[in-house]
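One line per chain: the protein sequences are E and D, in this order.
With our numbering, letter number 9 in the first sequence gets 9, and the count goes up by one each step, no holes.
Here our numbering = 1-based position in the second sequence + 1000.
All residues carry an ideal CB built from backbone N, CA and C; glycine is no exception.
Treat the numbers as computed from the prediction; the structure is a model and nothing was measured.
Have a look at the structure below, then the notes.
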Amino acid sequence: KAGVTQTPRYLIKTRGQQVTLSCSPISGHRSVSWYQQTPGQGLQFLFEYFSETQRNKGNFPGRFSGRQFSNSRSEMNVSTLELGDSALYLCASSNNGRTEAFFGQGTRLTVV
Amino acid sequence: GQQVMQIPQYQHVQEGEDFTTYCNSSTTLSNIQWYKQRPGGHPVFLIQLVKSGEVKKQKRLTFQFGEAKKNSSLHITATQTTDVGTYFCADGRTGGGADGLTFGKGTHLIIQP
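Shown next, in the form of structure tokens:
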């Protein structure tokens, strides 16, 4: 089985721009979660999607949004980028969101 | 929201020495998961503990879940250079619309040969 695939791997954006990140989960997994990882805050939960519905949401501003498609692929969008949004964004898939999470390699976003 | 505290933040050991990281929660956990992240890599699932007092072993790694299900530990016996990385505990999701995984800040294991 192929693992979780995230694209792109690296991204440089300017303050004020918006960005879309993509995640393809393991085949058969219907739950996709997104996390932000920074040296200061560690791994923080952004949101979880299950069968195209956002099931849970972390404590992030509305500039962070996401969606899931019928094939379970997911995208997350960050609008009006700020310098503090620079981070590694990790996507994880699981069977039902209640068991072990399989992480992708992440997208390293740098905002300048 | 629920918080999971993890200590120590950094641990330097000589190769061959043992290593332990601890995870504590102020509230009862339904289950706890452990992940390892190598430098430059992504978190990789190690194990999930569910039962009070549970102990599980994976070769040189021993995982424990406290009797009150408020704490957990990961112990590595005779560390090797391949053990280098950051070890995270995570509050497993309780189901029924609970939050996503809540991670501890992690323990960075540095091994000196």
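Item                                                                                                                                                                         : Value
Could one say the Cβ of residue 46 of chain E lies closer than 9 Å to chain D's Cβ atoms, at least one of them?                                                              : yes
Can you list, in chain order, the residues of its chain whose CB lies under 6 Å from that of residue 1110 of chain D, leaving out five sequence neighbours each side?        : 1012
Taking just the CA atoms, how far does residue 56 of chain E sit from residue 1098 of chain D?                                                                               : With a pLDDT of 39 at residue 1098 of chain D, under the threshold of 50, the modelled position of this residue cannot be trusted, and the question is left open.
List the residues of chain D that residue 54 of chain E touches, going by C-beta distances under 8 Å, in chain order.                                                        : Chain D residues near residue 54 of chain E: none, gap ~11 Å exceeds 8 Å.
Can you check DSSP and say which residues form a bridge with residue 1108 of chain D?                                                                                        : D:1010, D:1086
Rounded C-beta distance between residue 1028 of chain D and residue 1068 of chain D? I'm assuming under 8 Å.                                                                 : 7 Å
How is the beta strand (DSSP E) around residue 55 of chain E delimited, first residue to last?                                                                               : 53-57
Hey, residue 5 of chain E and residue 104 of chain E are a contact pair by Cβ (cut 8 Å); roughly how many whole angstroms apart?                                             : 6 Å
Less than 9 Å separating the beta-carbons of residue 1113 of chain D and residue 1017 of chain D?                                                                            : no
Less than 8 Å between the CB atoms is what I'm expecting for residue 94 of chain E and residue 29 of chain E, so what's the real figure, rounded?                            : 6 Å
Would you mind stating whether residue 1032 of chain D and residue 1083 of chain D have Cβ atoms separated by less than 9 Å?                                                 : no
Select from D:1052, D:1020, D:1051, D:1034 the residue whose C-alpha is nearest the C-alpha of residue 1044 of chain D.                                                      : D:1034
Just verifying my parser: in three-state terms, what is the DSSP assignment at residue 1091 of chain D?                                                                      : strand
For residue 109 of chain E and residue 14 of chain E, what's the separation of their Cα atoms in angstroms?                                                                  : 10 Å
Report the option in E:101, E:102, E:61, E:92 whose CA atom is closest to the CA atom of residue 84 of chain E.                                                              : E:61
Quick one: is residue 16 of chain E buried, meaning 16 or more other Cβ sit within 10 Å of its Cβ, or exposed?                                                               : exposed
How is residue 1081 of chain D classed by DSSP in three states: helix, strand or coil?                                                                                       : helix
Is it buried or exposed for residue 1096 of chain D, if we count other Cβ within 10 angstroms and need 16 for buried?                                                        : Annotation note: pLDDT 35 at residue 1096 of chain D (below 50); position unreliable, coordinate value reported separately. Residue 1096 of chain D comes out exposed.
What is the DSSP secondary structure of residue 1097 of chain D, reduced to helix, strand or coil?                                                                           : The predicted model places residue 1097 of chain D with a pLDDT of 36, which falls under 50 and marks its position as unreliable, so this point remains unresolved.
Short of 8 Å in beta carbon distance, which residues of its chain neighbour residue 53 of chain E, apart from the five on each side in sequence? Order them along the chain. : 68
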